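*Asks:*
2 protein chains.
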Amino acid sequence: MVSSMADDVFKALADPTRRRILDELVDRDGQTLFEICARLVTKHGLGLSRQAISQHLAVLESADLVRSRRQGRYKFHDLNTEPLERVVTRWLRPGTPESTP
Amino acid sequence: MVSSMADDVFKALADPTRRRILDELVDRDGQTLFEICARLVTKHGLGLSRQAISQHLAVLESADLVRSRRQGRYKFHDLNTEPLERVVTRWLRPGTPESTP
DNA sequence: TTGATAGGCAAGTCTATGCTTGCCTATGGT
DNA sequence: ACCATAGGCAAGCATAGACTTGCCTATCAA
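Line by line, the protein sequences are chains C and E.
FYI, in the working numbering the residues of the first sequence are -15 to 85.
FYI, in the working numbering the residues of the second sequence are -15 to 85.
1. Could you work out which residue in Gln15/C, Lys27/C and Leu68/C is closest to Ser52/C when comparing CA atoms only?
2. With the cut-off set at 8 Å, would you say Ile5/C and Leu41/C are in Cβ contact?
3. State buried or exposed for Asp(-8)/E, treating a residue as buried only when at least 16 other CB atoms are found within 10 Å of its CB.
4. Measure the alpha-carbon distance for Trp75/E versus Thr65/C and round it to whole angstroms.
5. Only counting the same chain, and skipping five residues up and downstream in sequence, which positions put a Cβ closer than 6 Å to that of Cys21/E?
6. Sort Ala47/E, His28/E, Gly29/E and Leu30/E by Cα distance to Asp62/E and report the nearest one.
7. Give the single residue among Pro0/E, Met(-11)/E and Phe60/E whose Cα lies nearest to the Cα of Ser(-12)/C.
8. Using a Cβ cut-off of 7 Å, pull out every chain C residue sitting near Asp(-9)/E, in sequence order please.
9. Is Lys59/C closer than 8 Å to Leu17/C when the C-beta atoms are compared?
10. Any beta-carbon of chain E closer than 8 Å to the one on Val50/C?
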């Protein structure tokens, strides 16, 4: 089964933990896996294993919502909002009065 | 467990069939369950049972993405894009140049 | 009243997926 | 060389969720 681009984006956004991760990356870009784990624990009280977060990051990457760059033994994660902007305008008509106040 | 408003919206959008339904309601508002079933079959080739679509509509309603009004034995469904507009700006910073061309 | 239409409810099945556990690789410091 | 750190891989489990089937209710037309 082929998974379209929009499909991956919406699937990625369906999980609350993944949305928290995006929140963290908005707050500070270029975090490592361990940093994200630590912040999810301290700021949101989420007690998830490192592997769980790693799998979430993989889902976000496959949706191109997160880009990663390797540097030595560190892997930094960056937010990419471009897929969001493209996917959201699907049902939002340009003529909606409330959207352009 | 309490399900927040954003949670319901993203969960509702996670399913491709539900996104198709929203597409149909953008195309023509105020359709009944049977109309939506017929259009999904003819226009998209989806062979789903009436109950499946009914359950999808229930999910969309609980996310307030679809509002329904009863009239006799008919139940008309209307699209409500307001939750979308609110939920999407979460990671889209207002200063993004591409978003305001 | 009878029958057809529009919709609802409630199991039951089956797959997807979130999470864990355990082990493995690679890089950097000392 | 040694060990700690940063991350990856793969199997296993357990719940959520999509879909079906079967039956029930309500509205309208004849």
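We treat Cβ as the ideally placed atom computed from N, Cα and C, and that holds for glycine.
From a predicted model like this one, the values you see are computed outputs, not experimental measurements.
*Replies:* From the atom records:
1. Start at 1 with the first residue of the first sequence, and residue 52/C comes out as number 68. Comparing Cα positions, the closest option is Gln15/C.
2. To locate residue 5/C, count along the first sequence from 1; it is residue 21. To locate residue 41/C, count along the first sequence from 1; it is residue 57. A contact, by the Cβ cut-off of 8 Å.
3. Taking the second sequence and counting its residues from 1, the one referred to as residue -8/E is at position 8. Label assigned to Asp(-8)/E: buried.
4. Locating residue 75/E in the second sequence gives position 91, where the first residue counts as 1. Locating residue 65/C in the first sequence gives position 81, where the first residue counts as 1. C-alpha separation (whole angstroms): 7 Å.
5. Locating residue 21/E in the second sequence gives position 37, where the first residue counts as 1. Counting only Cβ-Cβ distances below 6 Å, and skipping sequence neighbours, we find Arg34 and Ile37.
6. If you number the second sequence from 1, residue 62/E lands on position 78. Of the listed residues, the one whose Cα sits closest to Asp62/E is Ala47/E.
7. Looking up residue -12/C in the first sequence gives position 4. It is Pro0/E whose Cα lies nearest to the Cα of Ser(-12)/C.
8. On the second sequence, position 7 is the one that residue -9/E refers to. The contacting residues are Pro0.
9. Taking the first sequence and counting its residues from 1, the one referred to as residue 17/C is at position 33. Taking the first sequence and counting its residues from 1, the one referred to as residue 59/C is at position 75. Against a cut-off of 8 Å, the Cβ pair of Lys59/C and Leu17/C comes out as a contact.
10. Taking the first residue of the first sequence as 1, we reach residue 50/C at position 66. For Val50/C, the answer is no, since every Cβ of chain E falls outside 8 Å of its Cβ.
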